[in-house]
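Residue numbers (UniProt numbering): 1 to 158.
First up is the structure itself, then whatever we jot down about it.
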Amino acid sequence: MRAGVRLGIDVGDARVGLAASDPDALIATPVMTLRRDPNRASDLSMLITIIRDRGARAVYVGLPLSLSGDDTPSTQKARDYAAALAEMIATAQLETSVHLVDERLSTVSAASKMRASGVASKDQRSRIDQAAAVEILTHALDMRQSWGREPGTAVSAG
């Protein structure tokens, strides 16, 4: 497995949470929350800049499934976002793979951890997307470590 930075993305209707790993792909930390911009794709453009600047090897996009593993209304949106990101990565000629990873309960887990650390519910909104991205990335890094390969379903351009 190649070492290098990995990114975790939590895609929402209004915002995109972003987390990044260290170069050894061991620890996930929050990076930022981007405003979704479906018309001009400025959020995707910013992600391309971050991927390039950090030399990211892989991006894990959270795939929201129901507890039973079935699709939810948000599942296709995440797939479409991952496909658009993979296309932009290919156009930018970056060697970064995109993977969809199961994110069941990532936002619930992030909110629970934030409450446990003393963050009031009213203050969570501004940070919950980043915290969910950390949960997605941490889960992916753990799977990567135990499986010896990139987790999730690879998303290709085109």
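Cβ coordinates follow ideal geometry from the N, Cα and C atoms, glycine included.
If you're wondering where the values come from, they're calculated on a predicted model, not measured in any experiment.
task: Between the Cα of V16 and those of D24, D71, I89 and L7, spot the shortest distance and give me the residue it belongs to.
output: Locating residue 16 in the sequence shown gives position 16, counting from the first residue. For V16, the nearest C-alpha among the options comes from L7.
- prompt: Quick check: the region 34 to 51 against the region 61 to 73, are there 3 or more CB pairs under 8 Å?
  reply: no
query: Taking the C-alpha atoms as reference points, what is the distance between G12 and R144?
result: As a working note, residue 12 is residue 12 in the sequence shown. As a working note, residue 144 is residue 144 in the sequence shown. When rounded, the distance between both Cα atoms is 24 Å.
query: Given that a residue counts as buried once 16 or more other Cβ atoms are within 10 Å of its Cβ, and exposed if not, what is E95?
result: As a working mapping, residue 95 is identified with position 95 in the sequence shown. Exposed: under 16 other Cβ atoms inside 10 Å.
field: C-alpha distance - R35 paired with A14, whole-angstrom precision
entry: Your numbering for residue 35 matches position 35 in the sequence shown. Your numbering for residue 14 matches position 14 in the sequence shown. Roughly 6 Å between the two C-alpha positions.
A3 classed as buried or exposed, judged by whether at least 16 other C-beta atoms fall within 10 angstroms: Mapped onto the sequence shown, residue 3 falls at position 3. Per the 10 Å Cβ criterion, exposed.
message: With a threshold of 7 Å on Cβ separation, who are the neighbours of Y81 within its own chain once the five nearest residues in sequence on each side are excluded?
response: In the sequence shown, residue 81 corresponds to position 81, counting from 1. Answer for Y81: V11 and V61, listed in chain order.
message: Short of 8 Å in beta carbon distance, which residues of its chain neighbour L137, apart from the five on each side in sequence? Order them along the chain.
response: Taking the first residue of the sequence shown as 1, we reach residue 137 at position 137. Correct list, in chain order: R6, L7, G8, A19, A20, S21, A28 and Y60.
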